[in-house]
Structure formats: C-alpha cells, structure tokens
Amino acid sequence: MDEDPFCEVIELYSWMSREIPLPSEKSAEAARRRLDRLTKPQGSLGRLEGLAVELAAATGEERPKVRPAGVLVMAGDHGVAAGGVSAYPPEVTAQMVLNFLRGGAAVNVLSRVAGAAVWVVDVGVGVEINPAGVGSTTGAAGSGAVFRVRKVRPGTADMTRGPAMSREEAERALDVGWSVAIEMIDSGIRLLALGEMGIGNTTAAAAVAAALTGWPEGDLVGLGTGIDPVRRQKKLQAVRRALAVNRPDPSDAVDVLSKVGGLEIAGLAGAALAGAARRVPVLMDGFIASAAVLAAVHIDSRALPYMFASHRSVEPGHGRILRWLGREPLFDLDLRLGEGTGAVLAMPMMEAAARILDEMATFEEAGVSDAEA
C-alpha cells in the first residue's frame, strides 16, 4: 500500500498540460494491408479486423501489443446516497474496497481469468481504510490488488443541496486518475480498463450525462443496484434537484464533475486522458465509467479514438452514452455490476484482435494459394 499524500507525488493539474497525439493512420493502413494478406478470406473475421486496425492506429504499431493488461478501480463515496437512492448503505463502498484487496470480488475473479492486474484507488471513500491483514496487495493474477490512497476528500457533499465538491477538488481528483494511470503504464500496462466503486454513483453518472448532453433525466436514470420503481423515482428526483440547484455548465466538463459528479468519476476521466496521452488503449466498463469517459472527451476530444467500449449494460443511459461517443460495444451480457467487470471480460477479445495481426501467417508466409483475382 502507498499512503503518501497524492499532492506530494504528482504535479497538480498535470492532465491540463497533456499532449494527446492523433491516431496513426500509417500504422492503421499497414494493419489493413496485412489483414488483407492473412490466410483467410478478406473480412472473414468481421469486427475483430476493424478492432485490430483501431488498436494499430491507437498504439502507433502495425502489430499492437495489449499485454500486460490492468484494471483501475477508483473508489469514492457520494453524499447523495444518504437520500436513499441506492439499495445498499454507504458503508458498502469501504467494505467492497477491502473485498477487492482480499481478491474476493467479481472483478478479482474475472481479472484472474483474464490474467490482468487489479489496482484500487481510494480517491474519496468516506472512512479511512486499513488494509492490514487482508491478503496480498501485489495486484498480480491470483492475488488481491495494488492499493493507492489518494483521498481528495472523504466523499462528496449531497449534490441535491449544493455542489458535490469544489472545482479544485474535481481538478485534484482528475490528477489522481492521471497520476495512477501513468504509474500503471510506466509499470508496463499496455491495456487499461476502467472500473469503479461508490454507492450512489449511478445517480451521479446520470446527472453528469444529463448535464453534458442535455438528454432528459428520465432517459438516463435506471435501476442501478436493483432498486424498485419507487426508489427509482426518488433517484430521478435527486438528479433533477441536483441539476436545478447547481446549474452545471455543459461547456465546462470540470464544472459538471464538481457540481454533480463524483470523485471516482473525475478520477476515471483523468485516467482516460492519461491512457490517450500515452497511446494506451482504454477499455470502458459500464454506465459510470462511460460517463467518466464522456467527461474526458468533453475536456479533450482527441482522447476519443483511444476509448474502446467493452459491453452495453442494462442501464438505459449507457447505450445512449456509447452512441454519443460513436463506440460500438463488443458484447451485451445484461451486466450491471460495475467494478470494471465488463471491461475485464473484453480483454481477451482485444488480445485476440492484436494477436491475429502479430501471429497469423500471410498467404506468402504460409505458402498457401490466394483466391483468384
């Protein structure tokens, strides 16, 4: 565990001075040419071929590598949760962080299947977390998770009564995400998945999406953790009150994050920008992670080509965000857990697309006769 105050280990507002490169059309074209010469009918691997080209463009490599892979789980509490918008009490956030560190959560299990490292960041959990005695914190497959304490504040304020946090706090949360993502990439991570933990965060994600897009709140608010229709109505009213009270500026994503967002949502937005700046493909998980990417793309649209959609969740707002981003999900398994689970499930597909380019033989290399012209 690393308990150093984040302000001592990162330069504040590093995400503001980033340089996000354009995708490499040269690498994409080289990948297309190679795909057309592989021992298969052209286009016969369907969307995997398009995914391979996108990976080549993002990484700048004709034969992109997406291993090692890691999932970044940002954790933070929400003041709005006190209003009964979730089926679970706020203390579950901290309890689940400990579960991540023990290796017992769904994201841990699926990451072991995918051979991915798990990194967990306390950017805004409401209580202090003591991970002593909960198991390994190496993050490797088969263990718990790397743990970083980068707490900006102990949870957000109730956004139905005023801003969730100050603008400076939102900017610092962006920095936390940027900082830890860069640390992961510097450790060797070549594919970055985004996950989260925070009771009440589908409420904040719906408010962020509504503020940035102007979509009706009713089209974005879902059942979250499995609430009933009565509690969903309470959740919808909370989103509407938060937007009316705070009047976030849709042209300023940081203003939106500070007024109706979450610390973990801002952190994931910073991580998305860091992945794009380092040419590392970023795998979105579900509704909350995609709302964070929506904010990141509003901050800098150059990040969009580096964002990949893993799945479409059952949250009604998720499909809308993916369509706005122009990203087609790889699968739809009716997931609604979060944590990064859907993104981790997509990792083998990303690796398959990359390895087709790298390992499959061309007609010339295999000595196989090509189709007639």
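According to this note's numbering, the sequence shown is numbered sequentially starting from 514. C-beta: ideal position from N, C-alpha, C; glycine also. Nothing here was measured: the structure is a model prediction, and the numbers come from that model.
Sub-7 Å separation of residue i and residue j beta-carbons
{"i": "Gly708", "j": "Val827", "result": "no"}
{"i": "Ala822", "j": "Leu807", "result": "no"}
{"i": "Ala816", "j": "Ile642", "result": "no"}
{"i": "Leu551", "j": "Thr875", "result": "yes"}
{"i": "Val631", "j": "Ala588", "result": "no"}
{"i": "Glu598", "j": "Ala751", "result": "Here residue 598 is Val; the residue named in the question, Glu, does not match the sequence. Yes. Within cutoff."}
{"i": "Ala665", "j": "Leu776", "result": "Note that residue 665 is Val in the sequence shown, not Ala. A contact, by the Cβ cut-off of 7 Å."}
{"i": "Pro667", "j": "Ala724", "result": "no"}
{"i": "Ala670", "j": "Ala779", "result": "no"}
{"i": "Val857", "j": "Ser700", "result": "no"}
{"i": "Met860", "j": "Ala627", "result": "yes"}
{"i": "Met697", "j": "Met609", "result": "no"}
{"i": "Ala757", "j": "Ala720", "result": "no"}
{"i": "Arg716", "j": "Lys747", "result": "Per the sequence shown, residue 716 should be read as Thr rather than Arg. No. Outside cutoff."}
{"i": "Gly799", "j": "Gly839", "result": "no"}
{"i": "Val636", "j": "Ala607", "result": "no"}
{"i": "Pro536", "j": "Ala571", "result": "yes"}
{"i": "Ile712", "j": "Pro603", "result": "yes"}
Cβ neighbour criterion (16 or more within 10 Å) applied to residue i
{"i": "Ala629", "result": "buried"}
{"i": "Ala485", "result": "Coverage of the chain is limited to positions 514 through 886, which leaves residue 485 absent and any answer about it impossible."}
{"i": "Gly739", "result": "exposed"}
{"i": "Val734", "result": "buried"}
{"i": "Ala802", "result": "buried"}
{"i": "Gly853", "result": "buried"}
{"i": "Arg560", "result": "exposed"}
{"i": "Arg825", "result": "buried"}
{"i": "Ser771", "result": "buried"}
{"i": "Gly655", "result": "Confidence is the limiting factor: at Gly655 the pLDDT is only 46, short of 50, which leaves the residue's position unreliable and the question unanswerable from this model."}
{"i": "Gly556", "result": "exposed"}
{"i": "Thr650", "result": "Confidence at Thr650 is low in this model, with a pLDDT of 45, below 50, so its placement is unreliable and the value that follows should be read with caution. It is buried - the Cβ of Thr650 has at least 16 other Cβ atoms within 10 Å."}
{"i": "Val620", "result": "buried"}
{"i": "Glu681", "result": "exposed"}
{"i": "Ser764", "result": "exposed"}
{"i": "Gly675", "result": "exposed"}
{"i": "Arg661", "result": "buried"}
{"i": "Phe613", "result": "buried"}
{"i": "Ser814", "result": "exposed"}
{"i": "Val810", "result": "buried"}
{"i": "Pro842", "result": "buried"}
{"i": "Glu562", "result": "buried"}
{"i": "Arg547", "result": "buried"}
{"i": "Glu877", "result": "exposed"}
{"i": "Leu848", "result": "buried"}
Pick from the options that is closest to residue i, judged by C-alpha positions
{"i": "Ala722", "options": "Gly830, Val665, Tyr819", "result": "Gly830"}
{"i": "Arg703", "options": "Val605, Arg580, Ala782, Pro536", "result": "Arg580"}
{"i": "Met873", "options": "Arg840, Gly639, Pro794, Ala544", "result": "Ala544"}
{"i": "Asn468", "options": "Gly774, Gly597, Met863, Val631", "result": "Lying before the first or after the last residue shown, residue 468 is absent from the chain, which here runs from 514 to 886."}
{"i": "Leu870", "options": "Leu535, Pro536, Asp549, Glu538", "result": "Asp549"}
{"i": "Ala900", "options": "Asp798, Phe613, Pro536, Val634", "result": "Here the chain has residues from 514 to 886 only, and residue 900 is not among them."}
{"i": "Met797", "options": "Ala809, Val734, Met820, Thr738", "result": "Met820"}
{"i": "Asp883", "options": "Val662, Lys553, Ser537, Thr606", "result": "Lys553"}
{"i": "Ala782", "options": "Gly832, Gly737, Ala607, Leu705", "result": "Leu705"}
{"i": "His591", "options": "Asn612, Thr572, Met672, Ala784", "result": "Met672"}
{"i": "Pro794", "options": "Ala866, Lys772, Asp847", "result": "Ala866"}
{"i": "Arg895", "options": "Ser771, Val689, Ala595, Lys748", "result": "As displayed, the chain neither begins before 514 nor continues past 886, which places residue 895 out of reach and without an answer."}
{"i": "Glu574", "options": "Arg840, Ser540, Val622", "result": "Ser540"}
{"i": "Gly616", "options": "Gly657, Leu850, Asp845, Pro602", "result": "Gly657"}
{"i": "Ile897", "options": "Asp845, Ala805, Ala785", "result": "Nothing about residue 897 can be read from this structure; the chain reaches only from 514 to 886."}
{"i": "Ala677", "options": "Asp813, Val593, Asp847, Gly799", "result": "Val593"}
{"i": "Val501", "options": "Asp741, Ala718, Leu736", "result": "As shown, the chain starts at 514 and ends at 886. That puts residue 501 outside it, with no answer to give."}
{"i": "Lys578", "options": "Val881, Arg868, Leu736", "result": "Arg868"}
{"i": "Gly473", "options": "Arg576, Glu877, Ala618, Ala600", "result": "This structure cannot settle anything about residue 473, because the visible part of the chain is limited to 514 through 886."}
{"i": "Glu538", "options": "Pro818, Ala595, Val622", "result": "Pro818"}
{"i": "Leu510", "options": "Val881, Glu542, Gly563, Ala618", "result": "For the chain, the structure presents residues 514 to 886; residue 510 sits outside this window and is missing."}
{"i": "Gly596", "options": "Asn759, Leu843, Phe844, Arg745", "result": "Arg745"}
{"i": "Ala805", "options": "Leu848, Arg753, Trp691", "result": "Trp691"}
{"i": "Val693", "options": "Asp847, Val586, Leu611, Val622", "result": "Val586"}
beta-carbon residue i near the ligand PLP non-hydrogen atom, thresh 6 Å
{"i": "Gly783", "result": "As for the ligand PLP, it is missing from this structure, which has no ligand bound."}
Original post:
Residue ranges of each alpha helix (DSSP H) run of no fewer than 4 residues wholly in the segment 747-809, ordered along the chain?
Top reply: 766-773, 776-790
**OP:** Decide yes or no for the touch test of the segment 785-792 against the segment 719-739: beta carbon pairs closer than 8 Å, at least 3 of them.
**Re:** no
Subject >> Start-end ranges of the beta strand (DSSP E) lying completely within the segment 576-607, minimum 3 residues >> reply: 582-589
**OP:** Any chance you could list the alpha helix (DSSP H) runs of at least 4 consecutive residues sitting entirely within the segment 705-739, in chain order?
**Re:** Taking only runs of at least 4 residues, the alpha helix (DSSP H) segments lying wholly in the segment 705-739 are 714-726.
Original post:
Which runs of the alpha helix (DSSP H) fall wholly inside the segment 802-879 and span at least 4 residues, in chain order?
Top reply: 829-838, 854-872, 876-879
Subject >> Inside the segment 607-648 only - beta strand (DSSP E) runs reaching at least 3 residues >> reply: 630-637
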